[in-house]
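This note's numbering applies: residue 107 is where the sequence shown begins, and numbers increase by one. Where is the CB? At the ideal position from N, CA and C, for every residue including glycine. Inspection log for the structure reproduced underneath, given as structure tokens.
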Amino acid sequence: MTQKDALYAASFSLMMPGLGQLYTHRVVPGVGFFMIFATCMALPNLRFALPFLVMGAAAEAYFSLKAKAREGESWRTGEVAYWKSQKDQYRLPLFSFVGVLGGIAWIFLFFPQVSPLGAQSDMNDRADQLAKNVYLYRARHGVPPQSLEIALRESRQDNLLLDPWGSAYQLEVSERGFAIRSAGPDSKMGTSDDSRYTFP
Numbered sequence: 107m108t109q110k111d112a113l114y115a116a117s118f119s120l121m122m123p124g125l126g127q128l129y130t131h132r133v134v135p136g137v138g139f140f141m142i143f144a145t146c147m148a149l150p151n152l153r154f155a156l157p158f159l160v161m162g163a164a165a166e167a168y169f170s171l172k173a174k175a176r177e178g179e180s181w182r183t184g185e186v187a188y189w190k191s192q193k194d195q196y197r198l199p200l201f202s203f204v205g206v207l208g209g210i211a212w213i214f215l216f217f218p219q220v221s222p223l224g225a226q227s228d229m230n231d232r233a234d235q236l237a238k239n240v241y242l243y244r245a246r247h248g249v250p251p252q253s254l255e256i257a258l259r260e261s262r263q264d265n266l267l268l269d270p271w272g273s274a275y276q277l278e279v280s281e282r283g284f285a286i287r288s289a290g291p292d293s294k295m296g297t298s299d300d301s302r303y304t305f306p
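Here it is as structure tokens:
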């Protein structure tokens with residue numbers, strides 16, 4: 107495997123875990139890295155999974171750079187081609203296309219506000235975390251908090267106060283329970299894109 111192939115493989119690994127190994131015909135490690143990626147994606151709280159996704163992608167990129175050619179030559183000096191059929195010319199475009207799709211997925215994970223679905227998922231996660239803090243406060247003090255700021259003060263999770271569009275969540279307390287409201291994409295309360303989460 108040439109140095110260029112190793113660099114391509116490392117780049118594909120960063121874009122989508124598992125892709126770099128598959129690019130160099132290492133099917134089993136490639137499937138393994140991809141399964142780790144898919145498992146992390148399936149977790150309910152993607153923010154918790156992000157460090158593991160980054161570490162997995164970095165680890166695979168490192169292994170791709172340190173890969174050895176089948177004939178025993180290192181990637182720094184080897185000139186051995188892995189693919190010798192007429193389909194060789196499609197290898198780089200195909201893997202580049204899949205890698206770009208993986209890169210887009212990373213962008214949606216790190217910046218959920220660029221995607222309506224990503225923003226909605228992020229908002230749901232934050233609402234659940236806020237509700238847990240309200241429950242904890244109510245269990246400790248016997249009464250619900252007067253605001254989300256008070257509920258989060260003890261846990262020091264002030265980063266949860268804002269929705270994906272930068273507006274503050276609002277807490278509504280009633281005899282039946284409580285509700286958490288978000289102003290939505292337009293950052294204005296009382297409009298059609300508001301979101302309201304009710305909890306007993």
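By the CB criterion at 8 Å, arginine 232 and leucine 266 fall inside the cutoff.
Bounds of any beta strand (DSSP E) do not take in alanine 116; it lies within the alpha helix (DSSP H) bounded by 109 to 121. Residue state for arginine 302 is assigned as strand, using DSSP reduced to three classes. Here methionine 141 is not near valine 204, since their CB atoms are 8 Å or more apart.
DSSP, reduced to helix, strand and coil, places alanine 289 outside both helices and strands of the structure shown, so it counts as coil.
As the crow flies, the alpha-carbon of tyrosine 168 is around 17 Å from that of valine 133. DSSP, read as helix, strand or coil, puts glutamine 127 in helix. Here leucine 254 is buried, its C-beta having at least 16 other C-beta atoms within 10 Å. Rounded to whole angstroms, glutamate 166 and leucine 156 show a C-alpha spacing of 16 Å. Pairing leucine 125 with glycine 136, the inter-Cα distance amounts to about 6 Å. Taking C-beta separations shorter than 6 Å and ignoring five residues to either side along the sequence, the partners of threonine 304 in its chain run Ala285, following chain order. The DSSP assignment places 276 to 279 and 284 to 288 as complete runs of the beta strand (DSSP E) inside the segment 231 to 294, in order along the chain (cut-off: 3 residues). The residues Leu258, in chain order, have a CB closer than 7 Å to that of aspartate 264 in the same chain once the five nearest residues on each side in sequence are set aside. Sixteen is the threshold: when 16 or more other Cβ atoms of the shown chains lie within 10 Å of the Cβ of glycine 290, as they do, the residue is buried. The Cβ-Cβ distance between threonine 130 and serine 170 falls below 8 Å. The closest CA to that of leucine 159, considering only Leu128, Leu120 and Ser261, is found on Leu120. Restricting attention to Phe139, Phe143 and Ala164, the CA atom closest to the CA of alanine 116 is found in Ala164. When only Cα atoms are considered, alanine 274 and leucine 128 end up about 44 Å apart. Across the structure, glycine 138 and leucine 113 are spaced so that their CA atoms are roughly 20 Å apart.
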